[in-house]
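A.B. asks: What follows is a single structure, and I will ask about it in a moment.
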Amino acid sequence: MKISKTHCVNMVLSVLLIGSVWLTGGCGGSKRSGIKSVLPEKILDFDGLKIAFVQVEPDSLWVGKYEISNIQFKKVMPNHFSGYHEGVSLDEPDLPVVSVTWKDAKKFCDFLNKTLKNDENFRFKFRLPTEAEWMNFATSGKNTIFPWGDKMPPPSDWNYYGEENKGFGMKLRGHDDGFKYSTTVGRCGVNAWGIYGAGDNIKEWCENAYDESGDYKTIKGASWADSHPDFLATANRNYYEPDYKFINLGFRVVVEVEPFTDEEKIAIADKMKAEKERAEAEKEKLELEQKQKVKASKELAEKERRDKRLLYQNEVQRLVNRREYDKADKQLQAYFLDFGKDAFYEEWHGVISSIKVVRLSDSVLLEFVKIPALDIWAGRYEITNQKFKQFKPLHDSGNFREHSLAGDEQPVVNISWHDANEFCDWLNNNFKDQIPATHVFKLPTEQEWEKIASGGTDSVFPWGNAWPPQEGNYGIMQDYDDGFVVTCPVMDSGKNVQGIFGLGGNVWEWTEDWNDSTMTAKIFKGGAWNQTNPESLKIISRNADSPDTRTPYVGFRVIISKF
Numbered sequence: 300m301k302i303s304k305t306h307c308v309n310m311v312l313s314v315l316l317i318g319s320v321w322l323t324g325g326c327g328g329s330k331r332s333g334i335k336s337v338l339p340e341k342i343l344d345f346d347g348l349k350i351a352f353v354q355v356e357p358d359s360l361w362v363g364k365y366e367i368s369n370i371q372f373k374k375v376m377p378n379h380f381s382g383y384h385e386g387v388s389l390d391e392p393d394l395p396v397v398s399v400t401w402k403d404a405k406k407f408c409d410f411l412n413k414t415l416k417n418d419e420n421f422r423f424k425f426r427l428p429t430e431a432e433w434m435n436f437a438t439s440g441k442n443t444i445f446p447w448g449d450k451m452p453p454p455s456d457w458n459y460y461g462e463e464n465k466g467f468g469m470k471l472r473g474h475d476d477g478f479k480y481s482t483t484v485g486r487c488g489v490n491a492w493g494i495y496g497a498g499d500n501i502k503e504w505c506e507n508a509y510d511e512s513g514d515y516k517t518i519k520g521a522s523w524a525d526s527h528p529d530f531l532a533t534a535n536r537n538y539y540e541p542d543y544k545f546i547n548l549g550f551r552v553v554v555e556v557e558p559f560t561d562e563e564k565i566a567i568a569d570k571m572k573a574e575k576e577r578a579e580a581e582k583e584k585l586e587l588e589q590k591q592k593v594k595a596s597k598e599l600a601e602k603e604r605r606d607k608r609l610l611y612q613n614e615v616q617r618l619v620n621r622r623e624y625d626k627a628d629k630q631l632q633a634y635f636l637d638f639g640k641d642a643f644y645e646e647w648h649g650v651i652s653s654i655k656v657v658r659l660s661d662s663v664l665l666e667f668v669k670i671p672a673l674d675i676w677a678g679r680y681e682i683t684n685q686k687f688k689q690f691k692p693l694h695d696s697g698n699f700r701e702h703s704l705a706g707d708e709q710p711v712v713n714i715s716w717h718d719a720n721e722f723c724d725w726l727n728n729n730f731k732d733q734i735p736a737t738h739v740f741k742l743p744t745e746q747e748w749e750k751i752a753s754g755g756t757d758s759v760f761p762w763g764n765a766w767p768p769q770e771g772n773y774g775i776m777q778d779y780d781d782g783f784v785v786t787c788p789v790m791d792s793g794k795n796v797q798g799i800f801g802l803g804g805n806v807w808e809w810t811e812d813w814n815d816s817t818m819t820a821k822i823f824k825g826g827a828w829n830q831t832n833p834e835s836l837k838i839i840s841r842n843a844d845s846p847d848t849r850t851p852y853v854g855f856r857v858i859i860s861k862f
């Protein structure tokens, strides 16, 4: 076959294997990558299946320049299907193959090893990278915090869950790579060694086990679905069973390419010596297996204990996420009996014990966070439309221009101070049996609101002292985009250090206090979704209006306080 520019995209050195002979040739840079690789590259041809590799240190290791694509994988497993996500096919030819197990990836490597045999000059071994190898080539040998360097944010063309995604979930603020899902191999995340996707686009299986049990395989790198800096870090580790597969998990291949020495050529020809070496290796293996059997009972017990601990932990977190706090507490106490007060118990006991739940119906509940310094329980969220309609079913928060304010999880608005106070009276008349007899449901005073917002700190804003904010729902600000035009679901409204949401922005909140001695206006605090001025969002900032006023900017939260 001829060597042409089609076959040597972005190469300093291109190498094609035809039969068992390496052919080399140079070619210029590529417009596709935007950079020119500083390392030699080669392309291997497996009966029409071409895979590009980059030579890294040590010289005998060549790393797949790209993740294995669907079209490459289907040369080996033609019936594989990478799946859909939100109606979008992930099975296009040039997309990285996903929904593959570790075993599938190993079968692909086995195919390469069977198709490309060793010859008299070179030894080839195709496999998945080890974790150490992955970290080396992902950082271009620099051992940096992230594949691209030591600082956030990543370059704009690295594929993570950023501002281009309009759904819920934590986004990588200020990052818009233009890709909602996995994108074409070779289109994103290129590093200084000319390797693409090592750290973004999709997660990648590694060769080695995650721990001594050998039951889980290591997974490295982040994907298009990740946004938290911890997950983007080079050192971040993940694991799953070898049979696990998911729509953001694929792999790349490495190959050990070593020229045989004269001595090795003689050794290869000497079959008897090779047989002896294999026999000795088998003997060592049997001896090792015998030693492992001696420890088998102990290791089995340790594994069962690890599995039981993980099962407990997953169940506690699942119940908390479902807001089934009573069940979560029972599960946590069972965990305590088996494992004691470890770090997991202390963390989740603190979370569960700080929350009080008041049920308005089987499916509708109010959550409160304990504030010991004030001897009160503060509403964890602003009162939503769904919860307010338990009191006044016909209430409609309406629209602002063409945007709805009436979603179930949006804060209730277009209510007066009197409406908010009547809601508290309704709670006291119907649900007081769920709180201490010495306490009542009420609106916070201005002083109580400010102490709740500060979380016991001296911060200027509910989220701290930095400007602009890092989360929460406000007006249009430079260097900050919350993604919401009007009010947002209360769980997306940003939280303070005590896990209380929406104290800055989203909606102003009625308080119990009059503005002054004229008693003509009630105070509301916290700013709203249209606020952009730092002064309006400070904890000490206040606003006031007639208690009869109804606007799309003002809602409320409830506290439980001593009367």
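Going from the sequence shown to my numbering is simple: count from 1 and add 299.
Quick reminder that beta carbons are idealized off the backbone N, C-alpha and C, glycines included.
Owing to the predicted nature of the structure, the values given are computational and were not obtained by experimental measurement.
Sort out for me which residues DSSP pairs glycine 776 with in a bridge.
C.D. replies: Looking up residue 776 in the sequence shown gives position 477. Looking at the sequence provided, one finds methionine at residue 776 rather than glycine. Tyr779, per the DSSP bridge assignment.
A.B. asks: Identify the continuous alpha helix (DSSP H) that holds glycine 649 and give its terminal residues.
C.D. replies: Taking the first residue of the sequence shown as 1, we reach residue 649 at position 350. Run containing glycine 649: 642-652, per the alpha helix (DSSP H) assignment.
A.B. asks: Using 8 Å as the threshold, is the C-beta distance between isoleucine 714 and valine 657 below it?
C.D. replies: The residue labelled residue 714 in the question sits at position 415 within the sequence shown. The residue labelled residue 657 in the question sits at position 358 within the sequence shown. In this structure, valine 657 does not lie closer than 8 Å to isoleucine 714 by Cβ.
A.B. asks: At which residue ranges does the region 737-778 contain complete alpha helix (DSSP H) runs of 4 or more residues, listed in the order of the chain?
C.D. replies: Runs found: 745-753.
A.B. asks: Assuming alanine 404 is part of the alpha helix (DSSP H), what are its boundary residues?
C.D. replies: Numbered from 1 along the sequence shown, position 105 holds the residue referred to as residue 404. Unbroken alpha helix (DSSP H) run through alanine 404: 401-414.
A.B. asks: So does the region 540-553 actually touch the region 563-570, counting three or more Cβ pairs closer than 8 Å?
C.D. replies: Counting Cβ pairs under 8 Å, fewer than three are found: no touch.
A.B. asks: Quick check on proline 692: buried or exposed, where buried means 16 or more other Cβ atoms within 10 Å of its Cβ?
C.D. replies: Against the sequence shown, residue 692 aligns to sequence position 393. With fewer than 16 other Cβ atoms within 10 Å, it is exposed.
A.B. asks: Going along the chain, which residues of its own chain have a beta-carbon closer than 6 Å to the beta-carbon of lysine 602, five neighbours each way excluded?
C.D. replies: The residue you call residue 602 lines up with position 303 of the sequence shown. Once the five neighbours on either side are set aside, the close Cβ partners of lysine 602 are Ser512.
A.B. asks: Excluding the 5 residues flanking glutamine 685 on each side, which residues of the same chain have their C-beta closer than 8 Å to its C-beta?
C.D. replies: For the purposes of this step, residue 685 is identified with residue 386 of the sequence shown, where counting begins at 1. Val663, Asp707, Glu708.
A.B. asks: For the beta strand (DSSP E) containing serine 860, list its first residue and its last residue.
C.D. replies: What you label residue 860 is simply residue 561 of the sequence shown in a count that begins at 1. It spans 858-861 - the beta strand (DSSP E) in which serine 860 sits, taken as one unbroken run.
A.B. asks: Considering valine 619, what are the terminal residues of the alpha helix (DSSP H) in which it resides?
C.D. replies: For the purposes of this step, residue 619 is taken as the residue at position 320 of the sequence shown. Start and end: 595-620.
A.B. asks: Excluding the 5 residues preceding and the 5 following glutamine 612 in the sequence, name in chain order all residues of the same chain whose CB lies nearer than 7 Å to its CB.
C.D. replies: Here residue 612 corresponds to residue number 313 of the sequence shown, with the count starting at 1. Around glutamine 612: Phe643.
A.B. asks: Taking all protein chains shown into account, do 16 or more other C-beta atoms lie within 10 angstroms of the C-beta of methionine 818, making it buried, or fewer, making it exposed?
C.D. replies: Looking up residue 818 in the sequence shown gives position 519. Methionine 818 is exposed by the Cβ-count criterion.
A.B. asks: Using CA coordinates, which residue listed in Tyr509, Glu430, His384, Trp433 is at the minimum distance from alanine 524?
C.D. replies: Here residue 524 refers to the residue found at position 225 when the sequence shown is read from its first residue. When each option's Cα is compared against that of alanine 524, the closest is His384.
A.B. asks: Is the number of C-beta pairs between the region 801-808 and the region 841-854 that are closer than 8 Å three or more?
C.D. replies: With a cut-off of 8 Å, the region 841-854 and the region 801-808 count as touching, because enough Cβ pairs lie within range.
A.B. asks: If you follow the alpha helix (DSSP H) that alanine 820 is in, where does it begin and where does it stop?
C.D. replies: Here residue 820 is taken as the residue at index 521 of the sequence shown, counted from 1. Per DSSP, alanine 820 belongs to no alpha helix (DSSP H) and is neither H nor E.
A.B. asks: How many angstroms separate the CA atom of threonine 786 from the CA atom of alanine 827?
C.D. replies: Here the question's residue 786 lines up with position 487 in the sequence shown. Here the question's residue 827 lines up with position 528 in the sequence shown. Their Cα atoms are separated by approximately 8 Å.
A.B. asks: Looking at the secondary structure, which residues open and close the beta strand (DSSP E) in which lysine 686 lies?
C.D. replies: Here residue 686 corresponds to residue number 387 of the sequence shown, with the count starting at 1. Here lysine 686 belongs to no beta strand (DSSP E); instead the alpha helix (DSSP H) covers 684-687.
A.B. asks: Tell me whether tryptophan 504 is buried or exposed, calling it buried when 16 or more other Cβ atoms sit within 10 Å of its Cβ.
C.D. replies: Sequence index remark: in the sequence shown, residue 504 carries index 205 (1-based). Tryptophan 504 is buried by the Cβ-count criterion.
A.B. asks: For lysine 373, tell me which candidate among Phe407, Val387, Ala437, Glu614 has the shortest Cα-Cα distance.
C.D. replies: Along the sequence shown, read from residue 1 onward, the residue named residue 373 stands at position 74. Per the Cα distances, Phe407.
A.B. asks: Rounded to a whole number of angstroms, what is the C-alpha to C-alpha distance between aspartate 628 and arginine 551?
C.D. replies: Here residue 628 is taken as the residue at index 329 of the sequence shown, counted from 1. Here residue 551 is taken as the residue at index 252 of the sequence shown, counted from 1. Between aspartate 628 and arginine 551, the C-alpha separation is close to 43 Å.
A.B. asks: Based on Cα-Cα distance, which residue from Ile682, Leu471, Phe667, Val739 lies nearest to lysine 861?
C.D. replies: Here residue 861 refers to the residue found at position 562 when the sequence shown is read from its first residue. Nearest C-alpha to lysine 861: Val739.
A.B. asks: Taking buried to mean at least 16 other C-beta atoms within 10 Å of its own C-beta, is glutamine 830 buried or exposed?
C.D. replies: To locate residue 830, count along the sequence shown from 1; it is residue 531. When all chains shown are included, glutamine 830 counts as buried.
A.B. asks: Tell me which same chain residues have a C-beta within less than 7 Å of the C-beta of proline 846, skipping the five on either side of it?
C.D. replies: By 1-based counting over the sequence shown, the position of residue 846 is 547. Around proline 846: Ser715, Trp716, His717, Lys821.
A.B. asks: With isoleucine 501 and serine 481 assumed to form a contact (beta carbons below 8 Å), what rounded beta-carbon distance in angstroms separates them?
C.D. replies: Residue mapping note: residue 501 aligns to position 202 of the sequence shown, counting from 1. Residue mapping note: residue 481 aligns to position 182 of the sequence shown, counting from 1. Right, their Cβ atoms sit about 5 Å apart.
A.B. asks: When DSSP labels each residue in this structure, what does isoleucine 334 get in the three-state scheme?
C.D. replies: Here the question's residue 334 lines up with position 35 in the sequence shown. Residue placement at isoleucine 334 cannot be trusted, given a pLDDT of 46 that sits under 50; the coordinates are not used to answer.
A.B. asks: Compare the Cα-Cα distances from serine 665 to each of Ser381, Lys341, Phe687, Ile367 and report the closest residue.
C.D. replies: Translated into the one-based positions of the sequence shown, residue 665 becomes position 366. Inspection of the sequence shows that residue 665 is occupied by leucine rather than by serine. Ranking Ser381, Lys341, Phe687, Ile367 by Cα distance to leucine 665 puts Phe687 first.
A.B. asks: For the region 511-555, list the alpha helix (DSSP H) runs that are entirely contained and at least 4 residues long, ordered along the chain.
C.D. replies: Within the region 511-555, the complete alpha helix (DSSP H) runs of at least 4 residues are 528-531.
A.B. asks: Consult DSSP for phenylalanine 722 and reduce its assignment to one of helix, strand or coil.
C.D. replies: Residue 722 sits at position 423 when you count from the first residue of the sequence shown. Helix, per DSSP.
A.B. asks: Rounded to a whole number of angstroms, what is the C-alpha to C-alpha distance between glycine 520 and glutamate 391?
C.D. replies: Locating residue 520 in the sequence shown gives position 221, where the first residue counts as 1. Locating residue 391 in the sequence shown gives position 92, where the first residue counts as 1. So the alpha carbons of these two residues sit roughly 22 Å apart.
A.B. asks: Take valine 619 and list the residues in its own chain whose beta-carbon comes closer than 6 Å to its own, dropping the five residues that flank it on each side.
C.D. replies: The residue labelled residue 619 in the question sits at position 320 within the sequence shown. Cβ within range, chain order: Ala627.
A.B. asks: Quick check: what's the CA-CA separation for isoleucine 858 versus leucine 742?
C.D. replies: Within the sequence shown, residue 858 is the residue found at index 559, counting from 1. Within the sequence shown, residue 742 is the residue found at index 443, counting from 1. The alpha-carbon atoms of isoleucine 858 and leucine 742 are separated by roughly 6 Å.
A.B. asks: Quick check: what's the CA-CA separation for tryptophan 647 versus valine 556?
C.D. replies: Working through the sequence shown from its first residue, we reach residue 647 at position 348. Working through the sequence shown from its first residue, we reach residue 556 at position 257. The alpha-carbon atoms of tryptophan 647 and valine 556 are separated by roughly 50 Å.
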